[in-house]
Amino acid sequence: HWPQNAWLDGLAYWPGIQMDECAFPLLLADALHRAGHLADAVLRSFMPMIERAASYVVRNGPVTGEDRWEEDAGYSPFTLAVEIAALLAGADMFETCGKAEPANYLRETADVWNDQIERWTYVTGTPLGEEVGVEGYYVRIAPPDT
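Here you go:
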């Protein structure tokens, strides 16, 4: 994974892991490819990075060590959205490069995580919900044991 921030020599400054930051390079590569700024032949040269990033997200997600505010660990709707989108983007890039099996695995993982978003992050019957008159809402972050 890429460090959250680093010194000029490349050494990590903070040890925190933010899974959205780990997934963003996949979204960047996909956006460049879709916009025509990363031709298929050039995309192939980036596949080692794409493979490592996708593998890291699958192995370490969907729970994040830190949310995007660098405060809490757990299931974050924002982080989940980035991770799921990145896995799907990665799958498209794998497929473009003729790697159907890992592409299917990334799509299946994204589907499984997507199916769990409400279980992980949606709450009902809370004092806040009652106060504002809603049955339920998505929390900013849910504990990792949810």
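First residue of the sequence shown? That's 111 in our numbering, and the numbers climb one at a time after it. No residue lacks a Cβ here, since even glycine has one placed at the ideal position from N, Cα and C.
Sort 204, 144, 190 by Cα distance to residue 161 and report the nearest one.
For the purposes of this step, residue 161 is taken as the residue at position 51 of the sequence shown. Comparing Cα positions, the closest option is 204.
Among 156, 206, 223, the one whose alpha carbon lies nearest that of residue 170
Translated into the one-based positions of the sequence shown, residue 170 becomes position 60. Minimum Cα distance to residue 170 is reached at 223.
Answer yes if the stretch 181–194 comes into contact with the stretch 210–217, meaning at least three C-beta pairs across the two stretches below 8 Å, and no otherwise.
no
Is residue 219 near residue 197, with beta carbons less than 8 Å apart?
Sequence index remark: in the sequence shown, residue 219 carries index 109 (1-based). Sequence index remark: in the sequence shown, residue 197 carries index 87 (1-based). Yes, they are a contact pair.
6 Å CB neighbourhood of residue 157 in its chain, flanking five on each side removed
Position 47 of the sequence shown, counted from the start, is the residue given in the question as residue 157. Taken in chain order, the residues that qualify are 207.
Could you check the C-alpha separation between residue 165 and residue 241 for me, to the nearest Å?
Taking the first residue of the sequence shown as position 1, residue 165 is located at position 55. Taking the first residue of the sequence shown as position 1, residue 241 is located at position 131. Roughly 42 Å between the two C-alpha positions.
Does any residue of chain B have a CB that is nearer than 8 Å to the CB of residue 218?
Within the model displayed, chain B is absent; a lone protein chain is all it includes.
For the alpha helix (DSSP H) containing residue 215, list its first residue and its last residue.
What you label residue 215 is simply residue 105 of the sequence shown in a count that begins at 1. Segment 210–225, the alpha helix (DSSP H) holding residue 215.
Within 10 angstroms of the Cβ of residue 159, are there 16 or more other Cβ atoms? Answer buried if so, exposed if not.
Position 49 of the sequence shown holds residue 159. Classification for residue 159: exposed.
How many angstroms separate the CA atom of residue 124 from the CA atom of residue 111?
Within the sequence shown, residue 124 is the residue found at index 14, counting from 1. Within the sequence shown, residue 111 is the residue found at index 1, counting from 1. Cα to Cα, residue 124 sits roughly 13 Å from residue 111.
Residues sharing a beta bridge with residue 174, DSSP
Residue mapping note: residue 174 aligns to position 64 of the sequence shown, counting from 1. Answer is 184.
Candidates 136, 119, 152, 172: closest to residue 127 by CA position
Stepping through the sequence shown from its first residue, residue 127 is reached at position 17. Comparing Cα-Cα distances from residue 127 to each of 136, 119, 152, 172, the minimum goes to 172.
One question on the structure: do residue 199 and residue 136 come within less than 8 Å of each other, judged by their Cβ atoms?
In the sequence shown, the residue the question calls residue 199 occupies position 89. In the sequence shown, the residue the question calls residue 136 occupies position 26. Contact: yes.
For residue 152, three-class secondary structure by DSSP:
For the purposes of this step, residue 152 is taken as residue 42 along the sequence shown, with counting starting at 1. Residue 152 falls in the helix class under three-state DSSP.
According to the Cβ coordinates, are residue 252 and residue 231 closer than 8 Å?
Your numbering for residue 252 matches position 142 in the sequence shown. Your numbering for residue 231 matches position 121 in the sequence shown. Taking 8 Å as the Cβ cut-off, residue 252 and residue 231 qualify as a contacting pair.
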